[in-house]
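The structure appears below as structure tokens.
In the numbering used here, the protein residues as written are 8 to 97.
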């Protein structure tokens, strides 16, 4: 079993959230609600703006189990954004 990689993020309301990467999937925890998404269902990780203190506004776009395109907006450290984008290849 491979150790999960975890990124600390903030949701749109400034609340604490996280992204945990496993072998085949990622768990997005926003507003206390975990959302599990297969890595292959992630459509993109895009930076929308630069924020203060070396953070970036990021949108994670993915497809749910029913094929609906969903997105989640969050703030994260710039270096974590680049690492997440590289790991997911998006």
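Even glycine gets a Cβ: it sits at the ideal position worked out from N, Cα and C.
Item                                                                                               : Value
Continuous beta strand (DSSP E) stretch holding residue 27: start and end                          : 23–28
Burial state of residue 37 (16 or more Cβ within 10 Å)                                             : buried
Alpha helix (DSSP H) segment containing residue 85, residue limits                                 : 85–95
Contact under 7 Å by Cβ, residue 33 with residue 44                                                : yes
Segment limits, beta strand (DSSP E) that includes residue 50                                      : 49–57
Coil, strand or helix - residue 12 by DSSP                                                         : strand
Stretch-stretch touch, CB-based, cutoff 8 Å, three pairs: the segment 12–23 with the segment 44–57 : no
Option nearest residue 68 by Cα separation, candidates 60, 61, 77                                  : 77
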